[in-house]
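Colleague: Okay, here's the structure, questions in a sec.
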């Protein structure tokens with residue numbers, strides 16, 4: 001479907017065959033983002049990954065994301081952080097239930113995701129990082145956090161430490177600046193904050209609407225976990241029905257049903 005937004009022609013892709021052709025067969029010709037002022041300001045002049053044009057810089061930054069920031073080894077190293085924050089949330093919900101107080105699951109899950117991302121991005125005492133993470137959309141917030149990492153002697157090897165190390169490495173394939181680091185942090189917060197929490201909320205909503213499916217998922221978890229009481233990340237491989245629930249949730253409630261706009265550029 002062809003639309004005209006003022007003087008700009010916009011092609012809406014709504015069929016599977018056309019989407020496959022654009023996103024797979026002709027991907028290199030359609031992988032560049034539109035140069036809009038809002039996106040330019042948000043991405044620090046297109047210095048992030050989600051909005052950067054397809055070029056050598058984008059390829060190198062994607063490699064850094066895949067092999068250094070979000071490699072399986074690094075993601076596994078954050079397991080203790082995730083487990084601690086999940087346990088804190090479960091304990092909080094348990095106390096609320098014991099005292100007959102209502103629980104806003106959406107708010108609790110958003111808070112959980114916020115805390116995990118903040119602790120992964122920059123190591124800080126819980127009360128400090130959570131208070132400051134509320135202003136994550138502010139450029140002053142990013143600058144303050146980066147300055148702290150530049151000044152301190154010890155390296156905790158969080159995500160900012162990795163990026164600062166790349167910035168200081170003169171032999172790196174690309175030269176990144178403080179603005180590059182801020183742009184990458186915007187990607188991490190925008191990409192991870194609401195997507196995880198909303199998916200979980202939708203999963204719980206669908207299970208609440210279908211008690212028989214909720215019971216089936218509960219039985220699988222109780223059989224697998226046994227007397228441990230708490231599900232650990234190592235148990236997830238055995239929870240096959242739970243995986244199906246997650247996949248069906250993502251199918252029914254896609255977090256980003258409309259992809260970031262693309263422009264045609266012959267390479």
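In the UniProt record's numbering, the protein residues as written are 1 to 267. For each residue, glycine too, the CB sits at the ideal point set by N, CA and C.
#1: If I follow the unbroken alpha helix (DSSP H) through residue 76, where does it start and stop?
#2: Is residue 32 helix, strand or coil by DSSP?
#3: Which whole-angstrom value describes the C-beta separation of residue 158 and residue 121, a residue pair presumed to lie in contact below a C-beta threshold of 8 Å?
#4: Specify whether the stretch 176-193 and the stretch 26-41 touch according to this definition: at least 3 beta carbon pairs, one from each stretch, less than 8 Å apart.
#5: Based on the DSSP secondary-structure assignment, which residues constitute the bridge partners of residue 37?
#6: Look at residue 82 and residue 233 and say whether their C-beta atoms are less than 9 Å apart.
#7: Specify whether the stretch 58-76 and the stretch 212-227 touch according to this definition: at least 3 beta carbon pairs, one from each stretch, less than 8 Å apart.
#8: Who are the near neighbours of residue 25 in its chain, counting only those whose CB is closer than 7 Å to its CB and skipping five residues on each side?
#9: Would you please state the rounded distance, in angstroms, between the beta carbons of residue 203 and residue 246? I believe it to be under 8 Å.
#10: With DSSP run on the structure shown, which of helix, strand or coil describes residue 136?
#11: Classify residue 142 as buried or exposed, calling it buried when 16 or more other Cβ atoms lie within 10 Å of its own Cβ.
#12: DSSP state of residue 263, grouped into three classes?
#13: With a cut-off of 8 Å, do at least 3 Cβ pairs link the stretch 84-91 to the stretch 105-117?
#14: Over the uninterrupted alpha helix (DSSP H) stretch that includes residue 103, give me the two end residues.
Modeller: For this structure:
#1: 72-77
#2: strand
#3: 6 Å
#4: no
#5: Answer is none; residue 37 lacks a bridge partner.
#6: yes
#7: no
#8: none
#9: 7 Å
#10: The pLDDT assigned to residue 136 is 49, lower than 50, so where the model puts this residue is not dependable, and the model offers no usable value.
#11: buried
#12: strand
#13: yes
#14: Where residue 103 is concerned, there is no enclosing alpha helix (DSSP H), given that its DSSP letter is neither H nor E.
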